[in-house]
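Residue numbers (our numbering), protein chains in the order written: chain A, 1 to 304; chain B, 1001 to 1304.
Just so you know, even glycine gets a beta-carbon here, dropped at the ideal spot from N, CA and C.
These numbers come from a predicted model, not from an experiment.
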């Protein structure tokens, strides 16, 4: 299977710490690279990751808090200095557009590539990006400012040819693609061979849900049911549930509860409050509810 | 003497490298802290430096290239989260004001302190800041966009009292301050004792010039004559003098030539191109012209 993996560039929260960087991830899926969030310092983390700067096709910004977007203009500017020519698509809440425009005019007046802005309605679950390999949907979250997560859904591959049947019916190579896409075959004497006899089902698409920042949001469960990998913010441990509610964040227990109820494959924790010198307490709390929980960390690469 | 020192937070140039951060320094003078330039990641470097976030009174931005100012909004935002209440003054080219305003409205709508913008005319040498202890002057530089350096000039201290003379004339304590400030003393029988007999001269003020980014600019020599410490950009070595000219930067030899002709006390090099994996070549080149040259590096603290 072609890789579908998440590169963690930053998993800290709003206050900078020596241990974690501001939020950013790169989703690698069938050779394509998409960035989610771009806090200050992301371009340096990207450099550490050895992901090619030119490969990032689009950046998805969950919300307009600085720790999720202050690195964008610096990265765009550096892409320009490095000679990028491919368009860069930015998906973000509408209010970012005018500031980004003004920044581009002042700081990057002679970019050799286009930055194309797409406003995202964070209140709607909707497909905001689609290509041959995947869709990306917005996932409304509950934060202090308009905010959404992102659901990456790999498309099911075409059906797999059953070599024996192709040989048996002497189907020419020119027809193979049609049959992979579901066509039946009609023999010379008019017999219709249904596609199901010629192929086996395609490989189902894998899925990744990114949910940060948000209060505990039970509605999320249906929206991310059975994703293979869930990143859910876990800013606090449950003893600070009141604080989590006040600041529209989640605790590790709440993140794990969502993961459990949605029957996801694996839970990745992050967006840790600066108060934790070690996140083991966050991990243990999550594991007590949903055993297949993991801490994200800078430089980590996670298979979906 | 009270400290007058420079904390190097970043001394790299436009492209991020694993070795150097974008430009930023903190000038500490008689217990006051002033920042010069604020590239992306400065707030993290500030945290590493253990300088109190609340102590920065003002930020001076030399020019509007990202590696000198992209860290400003993140730092302002973090200051807010940390509960700052003191005004923060920002001195920068005029074009920054509208973007900074828009960023503050969108990202920091409820700061508990004021950000006060002061437009700097980079084409003029002028006093742009003054308090009891120091002045800061703009120093016009020659870069691709309007750009100025900054000259920090500590004021001469008040004159020093000669204890023996005070005792001899039985001058009351209430008069000491006047005498330090230059007053003569009149004895009971009307004799005027000139101030020069009662005091010795005050300690002369120390001075620091920050010059980045700039082409080789001989006019600078008169403007920074005999400063105690000069930071002058040295993006390249002299074999790349053509490139330096093309991109409006300086070579180490040029920086050292300015230092030598201006008879400065000490030269601090920085703003190294990402192409140098080790800056020893830059240092050796500068030393061959001006022996009292030093490489700046992140975390370094230099006495003026």
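Whose C-beta lies closer than 6 Å to the C-beta of residue 127 of chain A among residues of the same chain, with five residues either side of it excluded?
135, 137
Answer with buried or exposed for residue 1069 of chain B, where buried requires no fewer than 16 other C-beta atoms within 10 angstroms of its C-beta.
buried
Looking at the C-beta of residue 1016 of chain B, does it have a partner C-beta in chain C at a distance below 9 Å?
Considering every chain present, this structure includes no chain C. Its protein chains are A and B.
Among B:1106, B:1238, B:1185, B:1004, which one has its Cα closest to the Cα of residue 64 of chain A?
The alpha carbon of residue 64 of chain A has as its nearest neighbour, out of B:1106, B:1238, B:1185, B:1004, the alpha carbon of B:1106.
Output the boundary residues of the beta strand (DSSP E) element that contains residue 89 of chain A.
88-92 is the span of the beta strand (DSSP E), which, as asked, contains residue 89 of chain A.
The segment 1244-1260 of chain B / the segment 1177-1184 of chain B touching (three or more Cβ pairs under 8 Å)
The answer is no - the segment 1177-1184 of chain B does not touch the segment 1244-1260 of chain B, with fewer than three Cβ pairs under 8 Å.
Is residue 168 of chain A buried or exposed, if buried means 16 or more other CB atoms sit within 10 Å of its CB?
exposed
Should residue 92 of chain A be flagged as near chain B, meaning a C-beta pair shorter than 9 Å?
no
For the beta strand (DSSP E) holding residue 1169 of chain B, just list the boundary residues, first then last.
That residue, residue 1169 of chain B, is in no beta strand (DSSP E); it is neither H nor E in DSSP.
Inter-residue spacing [alpha-carbon to alpha-carbon] between residue 1251 of chain B and residue 148 of chain A
48 Å
Going by C-alpha to C-alpha distance, which of A:227, A:22, A:287 sits closest to residue 209 of chain A?
A:227
Return yes when the Cβ of residue 1273 of chain B is within less than 9 Å of the Cβ of residue 1230 of chain B, no when it is not.
No.
For chain A, check one thing: does any of its Cβ atoms lie closer than 9 Å to the Cβ of residue 1250 of chain B?
Not flagged as an interface residue toward chain A: residue 1250 of chain B, since no C-beta distance is shorter than 9 Å.
Cβ distance (whole Å) where residue 1071 of chain B is taken to contact residue 1108 of chain B below 8 Å
Not a contact, Cβ separation roughly 14 Å.
In this structure, does DSSP put residue 193 of chain A in helix, strand or coil?
strand
Smallest Cα separation from residue 1083 of chain B: which of B:1190, B:1236, B:1052, B:1118?
B:1052
Looking at chain A, which residues of the segment 1072-1084 of chain B have a Cβ within less than 7 Å of any of its Cβ atoms?
1073, 1074, 1077, 1078, 1081
Assumed close pair residue 1004 of chain B, residue 1034 of chain B - CB separation to whole angstroms, cut-off 8 Å:
With 8 Å as the limit, residue 1004 of chain B and residue 1034 of chain B do not qualify as a contact, their Cβ atoms being about 11 Å apart.
Partner residues on chain A for residue 1044 of chain B, Cβ-Cβ distance less than 7 Å
16, 41
Could you pull out every residue in the same chain whose Cβ sits closer than 7 Å to the Cβ of residue 45 of chain A, ignoring the five residues on either side in sequence?
Within the same chain, residue 45 of chain A has close Cβ partners 9, 10, 21, 24, 298.
Do we get a CB-CB distance below 9 Å when we pair residue 1271 of chain B with the residues of chain A?
no
By Cβ distance below 6 Å, which residues in the same chain neighbour residue 271 of chain A in space, the five residues on each side in sequence not counted?
13, 212, 233, 235
How far does the beta strand (DSSP E) with residue 1078 of chain B in it extend, from its first residue to its last?
Taken as a continuous stretch (DSSP letters only), residue 1078 of chain B belongs to no beta strand (DSSP E), being part of the alpha helix (DSSP H) at 1072-1081.
Residues bridged to residue 269 of chain A [DSSP beta-bridge criterion]
A:232, A:295
Pull up the distance between the alpha-carbon of residue 1224 of chain B and that of residue 1151 of chain B, whole angstroms please.
8 Å
Of all Cβ atoms in chain B, is any one closer than 9 Å to the Cβ of residue 99 of chain A?
yes
Distance check for residue 184 of chain A and residue 195 of chain A, CA to CA, integer angstroms please.
4 Å
Spell out the partners DSSP gives residue 10 of chain A in its beta bridges.
A:24
Residue 255 of chain A by DSSP, collapsed to three states: which one?
helix
Using a C-beta to C-beta distance shorter than 7 Å, which residues of chain B count as neighbours of residue 106 of chain A?
1064, 1095, 1099
Close Cβ partners of residue 1203 of chain B (< 6 Å) along its chain, the five nearest in sequence each way excluded
Hits under 6 Å: 1157.
Take the Cβ of residue 199 of chain A as the centre, count every other Cβ of all protein chains shown within 10 Å, and call the residue buried at 16 or more, exposed below.
buried
Identify the contact partners of residue 48 of chain A in chain B, using a Cβ-Cβ distance below 8 Å as the criterion.
1018
Whole angstroms is fine: what's the gap from residue 1101 of chain B's alpha carbon to residue 1293 of chain B's?
40 Å
I want to verify the contact list: residues of chain B whose CB lies under 7 Å from the CB of residue 70 of chain A, in sequence order.
1073, 1074
Are residue 1302 of chain B and residue 1268 of chain B closer than 9 Å when you measure CB to CB?
yes
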